[in-house]
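Here's the structure, in structure tokens; my notes come after.
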Amino acid sequence: MIEFQNLKKVYNSGGQQVAALNGIDLTINRGEIFGVIGFSGAGKSSLIRCVNWLEQPTSGRVIVDGYDLTALSAKEIREVKRNIGMVFQHFNLLNSKTVFANVAMPLFLAKVPKEEIKKRVGELLEFVGLSDKANNYPDQLSGGQKQRIGIARALATQPSILLCDEATSALDPQTTSSILDLLKKINREYNITILIITHEMAVIREICDRVAVIEAGKIIEEGTVFDVFSSPKTETARNFVSSVMNDQIPDSIKEIVEKNAGLQKIFRINFIGNSAGQPLLSQLAKKFDIHVNVLFGNITELQGTPFGNLIVEFQGAESEINRALMFISQEKVTVKEVKAHAS
Amino acid sequence: MLVNSDQIIEALIETIQMVAFSLLFSAVLGLPLGILLVVTRKGHLLENLPVFNVINGIINIFRSVPFIILMVAIIPVTRLIVGTSIGTAAAVVPLVFYAGPYIARLIENSLLEVDPGVLEAAQAMGATPAQIIFKFLIPEALSSLVLAFTIATIGLVGASAMAGAVGGGGLGDLAITYGYQRFDTMVMIITVGILVVMVQGLQTFGNILSKRIRRR
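Chains A and B, in that order, give the protein sequences.
The C-terminal residue of the first sequence carries number 348 in my numbering, and the numbering is unbroken.
The C-terminal residue of the second sequence carries number 220 in my numbering, and the numbering is unbroken.
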């Protein structure tokens, strides 16, 4: 478990005080995959680096598995760090050492006996699927392979927490998804708490249970991935969500709406969960004297739950349309009228 | 020719001795200074600006005095350490004062090339500062350090020839006394030829070793 309490970090850059973290309160529960998303400079990097003391906060507390880091000595913090693995954007492997030696490093530092190191590293390389690369050097590996080694190294001391600092940002989409699968597997098999910071909403959608949006050093939105994706509350969160959800109304349809402003009734319907499997639209057409015209739509899967987004036009008498809307509102869907100049 | 082959071989051995001993002592002096220059700087492992500034300043002072002047200027120190200011052993003292700070700078350069991300990973693993220096920083810079020492050794070969001019012995001494002052062109050609071969050999050896380390 990781707990941030009113965490602040102020940098002194050229005589100017710059607040990277501006009072963060956040709890990451044991065994969950938690994502922090934000634009560059939002403070997400400072936040994750406070967890393993690569950066010291200016004020506030960081509590890791019950230990208040602000109250520990340098030596005690080094002990706590053995319980926290970290995966980096640029892998940060030792180029002068073999894959085996890289993965063995944390165990070596912890003075684990040689035989045990050999066994453990063998297991780890097997786990990340690179047993055959033990004697290679990092510069003989691809980016994805290097990150797997980085992950194996981070897991060497059997930590309870894994920190991922933009772990997939330097990788292509296919490699990204294989690394994310690996992280999911780690979370499932070892019940390791994973804290991910990223600027890629796709990463959050893929593997996170909960997400926090950080902006200007503050958490501006926090919730389950499903809640934040299906109903983002802040502008920034909406931007991030639309970067992967494609829920924007296409321009050509906006044009139609604008041209016929006032003549048409256009609605956005969001289906959540099981309701996405119901033939809602055909029910509407049958029950009420209206025609339903689908202008745009898609269905995305969020944490295994389908989430649908439809833009439809209802044609018919106003009273019928209102009755239809009443009917919809009883279902587990949300409905919103789309007006001209709106999205 | 005014010298025989025995004298040339003796001079060669003196040069090798001067270079070897001064390299050893200046490495002992320069290595820790170079490491300190890196880890005490702002934002680094053991940030300590007073220590950094003092070391940095002292190194600059020694580096700014031309070797020929340094050699004469520290004669009292040489007498104190070796007991005399003449001879091969006495030449080692100014050579160390010359090469030590030089090596410190070269090592500083090599160590600064190491990817800071690697050191960050080490810190994240809970490595102590000593472990970070000896298990991460130096191994990562090793190939570049070998090249740095190659440069330093070649610099010492040149400086040792200069030390010969003030009674240090070695190939430089031979070249000055016989080749220059007594117009024996053959001695000049032979001594310079030997120095050229030495430098070529050292550089080639350094290059090969560095490459081996980089790509085992």
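A virtual CB, placed ideally from N, CA and C, is assigned to each residue, including glycine.
Practice task
Indicate whether at least one CB of chain B lies closer than 9 Å to the CB of K151(A).
Solution key: No, because no Cβ of chain B sits closer than 9 Å to the Cβ of K151(A).
Practice task
Determine the extent of the alpha helix (DSSP H) in which F231(A) is found, giving its start and end residues.
Solution key: Counted as a single uninterrupted DSSP element, the alpha helix (DSSP H) harbouring F231(A) occupies residues 230–235.
Problem - Under 8 Å from the C-beta of K14(A): neighbouring residues of chain B - result: Within chain B, no C-beta atom comes less than 8 Å from the C-beta of K14(A); the nearest is roughly 15 Å away.
Problem - Residues bridged to F29(B) [DSSP beta-bridge criterion] - result: Note: F29(B) is not bridge-paired with any residue in the DSSP secondary-structure output.
Problem - Where R125(A) meets chain B, residues with beta-carbon distance less than 9 Å - result: Annotation: R125(A) has no Cβ neighbours in chain B at a cutoff of 9 Å; minimum Cβ distance is about 15 Å.
Practice task
Tell me whether M22(B) sits in a helix, a strand or coil according to DSSP, three-state version.
Solution key: In the structure shown, M22(B) falls within a helical segment according to DSSP collapsed to helix, strand and coil.
Practice task
Quick one: measure Cβ to Cβ for N328(A) and T198(A), integer angstroms, because I've assumed they're closer than 8 Å.
Solution key: Note that residue 328(A) is Arg in the sequence shown here, rather than Asn. Here R328(A) is actually not in contact with T198(A); their C-beta atoms are around 50 Å apart, not less than 8 Å.
Exercise for the section: Just mark Q150(A) as buried or exposed, buried being the case when its beta carbon has 16 or more other beta carbons within 10 Å. Expected result: With 16 or more other Cβ atoms inside 10 Å of its own Cβ, Q150(A) counts as buried.
Practice task
Note down, in chain order, each residue of its chain lying with its Cβ closer than 8 Å to the Cβ of I63(B), except the 5 sequence neighbours on either side.
Solution key: Excluding five sequence positions before and after I63(B), the CB atoms of its chain that fall closer than 8 Å to its own CB belong to L37, L41, P105, A108, R109, given in chain order.
Handout entry: CA-to-CA distance, N314(A) to A347(A), given in whole angstroms
Key = Note that A347(A) has pLDDT 46, beneath the 50 cutoff, so the model's placement of it is unreliable and the number below is only indicative. The C-alpha of A347(A) lies about 16 Å from the C-alpha of N314(A).
Practice task
Note down, in chain order, every chain C residue with its Cβ under 7 Å from the Cβ of P111(A).
Solution key: Judged by its chain identifiers, the structure shown contains no chain C, and its protein chains are A and B.
Problem - Residues near S30(B) in its chain [Cβ-Cβ closer than 6 Å; skip 5 each side] - result: Counting only Cβ-Cβ distances below 6 Å, and skipping sequence neighbours, we find V100, A103, G104, I107.
Practice task
Could you say which of N97(A), M110(A), K337(A) lies nearest to I274(A) if we only look at CA atoms?
Solution key: Of the candidates N97(A), M110(A), K337(A), the residue whose Cα lies closest to the Cα of I274(A) is K337(A).
Exercise for the section: Assuming K49(A) contacts I202(A) (C-beta within less than 8 Å), just tell me the rounded distance between them. Expected result: Right, their Cβ atoms sit about 4 Å apart.
Exercise for the section: Could you name the residues of the same chain whose beta carbon sits closer than 7 Å to that of L33(B), not counting the 5 residues immediately before and after it, in chain order? Expected result: So the qualifying residues of the chain are V100, G104.
Problem - Length of the line joining the Cα atoms of A47(A) and A152(B) - result: Cα to Cα, A47(A) sits roughly 41 Å from A152(B).
Problem - Contact check, A169(B) vs L199(B), beta carbons under 9 Å - result: Contact flag unset, no.
Exercise for the section: Alpha carbon to alpha carbon, how far is A95(B) from P80(B)? Give it in angstroms, no decimals. Expected result: The alpha-carbon of P80(B) is positioned some 13 Å away from that of A95(B).
Practice task
Please name the residue in T19(B), N60(B), R218(B), V76(B) whose C-alpha comes closest to that of E112(B).
Solution key: Of the candidates T19(B), N60(B), R218(B), V76(B), the one whose C-alpha sits nearest the C-alpha of E112(B) is N60(B).
Problem - Cutoff 9 Å: Y195(A) Cβ touching any chain B Cβ - result: By the rule that beta-carbons nearer than 9 Å mark a contact, Y195(A) does not touch chain B.
Exercise for the section: Return the first residue and the last residue of the alpha helix (DSSP H) that M110(A) is part of. Expected result: Note, M110(A): alpha helix (DSSP H), 104–114.
Handout entry: Contacts around I225(A), its chain only, beta-carbon distance under 8 Å, and the 5 residues preceding and following it disregarded
Key = V218, I219, T239, T241, A242, listed in sequence order.
Exercise for the section: With DSSP as the reference, label N314(A) as helix, strand or coil. Expected result: Note: N314(A) maps to strand in three-state DSSP.
Practice task
Please state whether DSSP places S348(A) in a helix, a strand or coil.
Solution key: The predicted position of S348(A) is uncertain, since its pLDDT is 44 and thus under 50; no value can be drawn from it.
Practice task
Please name the residue in V76(B), D119(B), F71(B) whose C-alpha comes closest to that of H95(A).
Solution key: Scanning V76(B), D119(B), F71(B) for the CA closest to the CA of H95(A) turns up D119(B).
Practice task
Alpha carbon to alpha carbon, how far is G302(A) from V352(A)? Give it in angstroms, no decimals.
Solution key: Not covered by the structure: residue 352(A). The range shown for chain A is 6 to 348.
Exercise for the section: Return the chain-ordered ranges of every beta strand (DSSP E) run that is complete within the segment 127–198 of chain B and spans a minimum of 3 residues. Expected result: Counting only runs that start and end inside the segment 127–198 of chain B, there is no beta strand (DSSP E) element of at least 3 residues.
Exercise for the section: Would you mind telling me which residues of chain B sit closer than 7 Å to N141(A), beta carbon to beta carbon, in chain order? Expected result: In chain order: nothing, as chain B lies at least about 11 Å away.
Exercise for the section: Could you check the C-alpha separation between Q335(A) and I191(A) for me, to the nearest Å? Expected result: Rounded to the nearest angstrom, the two C-alpha atoms are 41 Å apart.
Exercise for the section: Mind listing the chain A neighbours of F56(B)? Cutoff is C-beta to C-beta under 9 Å, in chain order. Expected result: Chain A residues near F56(B): none, gap ~19 Å exceeds 9 Å.
Problem - Top-ranked residue by Cα proximity to I39(B), from F25(B), I180(B), A145(B) - result: The closest CA to that of I39(B), considering only F25(B), I180(B), A145(B), is found on A145(B).
Exercise for the section: Measuring only between beta-carbons, confirm whether L114(A) sits less than 9 Å from chain B. Expected result: Judged by the 9 Å Cβ criterion, L114(A) is in contact with chain B.
Practice task
Return the CA-CA distance between Q145(A) and V150(B), expressed in angstroms with no decimal places.
Solution key: When rounded, the distance between both Cα atoms is 23 Å.
Exercise for the section: Could you tell me whether any Cβ in chain A is nearer than 9 Å to the Cβ of K215(B)? Expected result: Chain A, which has no Cβ nearer than 9 Å to the Cβ of K215(B), makes this no.
Exercise for the section: Check whether the Cβ of G87(B) lies closer than 9 Å to any Cβ atom in chain A. Expected result: Residue contact check for G87(B) against chain A: no CB pair falls below 9 Å.
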